[in-house]
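Please read the structure below before turning to the comments.
2 protein chains.
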Amino acid sequence: MEDGAGDDLYQELWRLCAGPLMDVPCVQDRVFHFPPGHIELAEMESDEVYARITLQPSSDTDPLDPNPICSEKPKQKFYSFIKTLSTSDTSTHGGFSVLRKHANECLPQLDMTMENPTQELVAKDIHGVEWKFKHIYRGHPKRHLLTTGWSSFVAAKKLVAGDSFVFLRGENGQLRVGVRRLNPLQSPTSSSVVSTQNMRLGVIVTASHSVMTNTMFVVCYKPRFVSIF
Amino acid sequence: MEDGAGDDLYQELWRLCAGPLMDVPCVQDRVFHFPPGHIELAEMESDEVYARITLQPSSDTDPLDPNPICSEKPKQKFYSFIKTLSTSDTSTHGGFSVLRKHANECLPQLDMTMENPTQELVAKDIHGVEWKFKHIYRGHPKRHLLTTGWSSFVAAKKLVAGDSFVFLRGENGQLRVGVRRLNPLQSPTSSSVVSTQNMRLGVIVTASHSVMTNTMFVVCYKPRFVSIF
DNA sequence: TTGTCGGCGGAAGGCCGACAA
DNA sequence: TTGTCGGCCTTCCGCCGACAA
């Protein structure tokens, strides 16, 4: 999807959107004789993040074999904040109020010699879609705001007060934005076509078929609904 | 969902939204030793219609046994039209232009002694949700239009030029509205969580399990994607 | 007959500082 | 410091008849 440096940022964005307790383990997988390999994703409609884990049955019986894939360290430093949205933040009346601490730590520096310093921020969400925001420092007393572009983001992501806005900057200056919802958007399909029962049976059959024929299969791991499978 | 007379209308609405070639057969089911019984539905998001068919394995071996359920005749007459939406119909600039023939045949009569005769139409969609439209006969030359309320319907149903608007009136004066799309809305889940493979396997297992244990099971029949199952 | 347009009035969007919690 | 509000300007919505295909 992106050049090398960007992948780190997407992975960090995924972590931020999923929440601190939702890291996907990849070492213990070996205990069940499945060499790991997973990919982080997000739903198109809700931006709900999930992990797709590709599993292949293995005859390797040593669960203590160190896993080279997980031993890599992140190479760059990240600057990020998460803010719970106020009523004003999500209202169509105005923009987004950036807390001073967040602005100082995470937003690119403004030229403070100007009367009303302003800049355009261009950030990508977890799908790689670009979002533009006007960042301005104005008012009395002075404050940081996101104005033009913010309301489109709120509408497109269907954000309401209580949801959280995720912002991330890499050392190289690349920006990412994301969303963490207070109440997940209900999927239209969950109530109609796809029965949980059918899915569960399908997964079981797929897994056993995979073991018998020694072929690969895929599991989707959704932080919000871990207990389903 | 509704009192008796309304059910007929919903069934007719389902037929109109699915298209003339999409009637759900219910006689030949017997040939496969499944006493029939189905219910028409529509997806919450796209209004795509489908049929949910409940099947129970049967030891009855006479395929020619007449089916009493399908021999009933509809009791009331329906007045309906389907119009392909023009660019103007779906534009936010104005309302919906009702073809004269359609207005004469299907819309409730206006009081033509008025200068600009108008009335409010209240119609339910396939979910039972009410939609209100202002119907007015005005302009030079005179024409039938749906104005206030129409744009909300277009936005909510995500209609674009080329899609079709379905209108239905029963003898009792009850009104129904529906939608038939040129290009189906792609479901966000179809590209992510739910794999066709898992669904297919789930259905097969459910069916064989049903036969073995002689219990009921359910199949969803979607006119647009008959070939999937 | 009916699709599209210009005109226009009103509602909502959205940028601003004021102010108080 | 920052959530909310009144003010005000602009954009877009949406109802109208005109007009031509």
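These protein sequence lines map, in sequence, to chains Z and L. Using the numbering used here, you'd call the opening residue of the first sequence number 150 and step up by one each time. Using the numbering used here, you'd call the opening residue of the second sequence number 150 and step up by one each time. Idealized CB from N, CA, C, for every residue including glycine. Since this is a predicted model, take the numbers as computed values, not measurements.
Open item on the list: To the nearest angstrom, how far is the alpha carbon of GLN329/Z from that of ALA191/Z?
Closed with: It should be noted that the sequence gives Arg, not Gln, for residue 329/Z. Roughly 12 Å separates the two Cα atoms.
| field | Cut-off 7 Å between Cβ atoms - residues of its own chain near LYS280/L, not counting five sequence neighbours on either side | value | Sequence inspection shows Trp at residue 280/L; the Lys mentioned does not correspond to that position. Result list for TRP280/L: ALA272, ASP274, GLY298, PHE302 and VAL326, in chain order.
Three or more C-beta pairs closer than 8 Å, one from the stretch 308-320 of chain L and one from the stretch 280-289 of chain L: is that the case here? Pairwise C-beta distances place the stretch 308-320 of chain L out of contact with the stretch 280-289 of chain L, as fewer than three of them are shorter than 8 Å.
Which residues in the same chain as LEU158/Z place their Cβ atom closer than 7 Å to its Cβ, once the five residues preceding and following it in sequence are excluded? Excluding positions up to five away in sequence, the list reads LEU317, GLY319, GLN323 and ARG325.
* Integer-rounded CB distance, given that SER246/L should sit under 8 Å from ARG287/L -> Contact between ARG287/L and SER246/L is absent: CB atoms are separated by about 12 Å, not below the 8 Å threshold.
Exposure of ASP238/Z, with buried meaning 16 or more beta-carbon neighbours within 10 Å | Residue environment: ASP238/Z is assigned as buried (16 or more neighbouring CB atoms within 10 Å of its CB, all protein chains considered).
Residue range of the unbroken beta strand (DSSP E) whose run includes ALA264/L
Ala is not the amino acid found at residue 264/L; the sequence shown has Glu there. For GLU264/L, there is no enclosing beta strand (DSSP E), since its DSSP letter is neither H nor E.
| With 16 other CB atoms within 10 Å as the buried threshold, where does THR345/L fall? | With a pLDDT of only 47 at THR345/L, under the threshold of 50, the placement of this residue in the model should not be trusted; the figure read from the coordinates follows. THR345/L is exposed by the Cβ-count criterion.
query: Can you tell me whether DSSP reads ARG325/Z as helix, strand or coil?
result: It is a strand residue.
Use the C-beta contact count for ARG164/Z: other C-beta atoms within 10 angstroms, 16 or more gives buried, fewer gives exposed. Burial call: buried.
Give me the residue from ALA252/L, THR296/L and ALA305/L with the minimum Cα distance to VAL278/L. Closest by alpha carbon: ALA305/L.
- So, helix, strand or coil for SER229/Z, using DSSP? Three-state result, SER229/Z: strand.
Practice task
Pick out whichever of LYS250/Z, HIS289/Z and VAL198/Z has its Cα sitting closest to the Cα of GLU264/Z.
Solution key: It is HIS289/Z.
- Task: Go ahead and pull the three-state DSSP assignment for LEU294/L.
- Result: Assigned with DSSP and collapsed to three states, LEU294/L falls in strand.
*Among the residues of its own chain, which have a CB less than 8 Å from the CB of SER240/L, if the five just before and after it don't count?*
If we look at SER240/L and ignore the five residues flanking it on each side, it has no Cβ neighbours.
Open item on the list: Measuring straight from C-alpha to C-alpha, what distance separates GLY168/Z and ASN332/Z?
Closed with: Distance between the alpha carbons of GLY168/Z and ASN332/Z: 14 Å.
Q. What are the boundary residues of the alpha helix (DSSP H) that includes VAL303/L?
A. Counting along the chain, the alpha helix (DSSP H) containing VAL303/L begins and ends at 299-305.
Worksheet item: Count the other CB atoms within 10 Å of the CB of ASP156/Z; is the residue buried (16 or more) or exposed (fewer)?
Response: It is exposed - the Cβ of ASP156/Z has fewer than 16 other Cβ atoms within 10 Å.
Cβ neighbours of THR296/Z in the same chain (closer than 7 Å, five flanking residues each side left out): Cβ within range, chain order: GLY244, LYS283 and ILE285.
- Message: By alpha-carbon positions, which one of THR236/L, ALA252/L and HIS242/L ends up nearest to TYR122/L?
- Response: With chain L covering only 150 through 378, there is no way to say anything about residue 122/L.
From GLU197/Z to LYS232/Z, what distance separates their C-alpha atoms? GLU197/Z and LYS232/Z: Cα-Cα distance of roughly 17 Å.
Notebook entry, point to check: First and last residue of the beta strand (DSSP E) that includes HIS284/Z?
Noted result: Per DSSP, HIS284/Z belongs to the beta strand (DSSP E) from 279-287.
Buried or exposed, going by whether 16 or more other CB atoms sit within 10 Å of the CB of LEU294/Z? Its Cβ being crowded by 16 or more others within 10 Å, LEU294/Z is buried.
Practice prompt. From the DSSP output, in three-state form, read off PRO333/Z for me.
Written response: Reduced to three states, the DSSP call for PRO333/Z is coil.
field: Bridge partners - ASP238/Z, DSSP secondary structure assignment
entry: For ASP238/Z, which the question treats as bridged, DSSP gives no partner whatsoever.
Let me confirm a value: LEU248/L is counted as buried when at least 16 other C-beta atoms fall within 10 Å, else exposed. Which label applies?
Exposed.
Open item on the list: Cutting at 7 Å between CB atoms, please list the residues of its own chain near LYS224/L, excluding the five before and the five after it.
Closed with: Around LYS224/L: ASP157.
Using a Cβ-Cβ cut-off of 7 Å (strictly less than) and excluding sequence neighbours within five positions of SER300/Z, which residues of its own chain qualify?
-> For SER300/Z, the CB contacts under 7 Å within the same chain, skipping 5 residues up- and downstream, are THR241 in chain order.
**Asked** Does DSSP put LYS250/Z in a helix, a strand or coil?
**Response** Assignment of LYS250/Z by DSSP, reduced to helix, strand and coil, places it in the helix class.
Where THR269/Z sits in the DSSP three-state scheme:
In the sequence on display, residue 269/Z carries Glu and not Thr. Here GLU269/Z sits in strand by DSSP.
Next item on the list: Could you spell out the range, first to last residue, of the beta strand (DSSP E) harbouring SER313/L?
Entry: The continuous beta strand (DSSP E) containing SER313/L extends over residues 313-319.
Report task. Since I believe LEU259/Z is in contact with PRO266/Z (beta carbons under 8 Å), could you give me their beta-carbon distance rounded to a whole number of angstroms? Result -> The pair is a contact, with the Cβ atoms about 4 Å apart (cut-off 8 Å).
| said: Applying the 10 Å Cβ sphere with the 16-neighbour rule, what's the burial state of SER340/L? | reply: Below a pLDDT of 50, predicted positions are generally treated as unreliable, and SER340/L, at 40, falls in that range; the measurement from the model is reported next regardless. Per the 10 Å Cβ criterion, exposed.
Option nearest LYS138/L by Cα separation, candidates VAL315/L, PHE314/L and GLU161/L
Because chain L here runs from 150 to 378, residue 138/L falls outside it and cannot be looked at.
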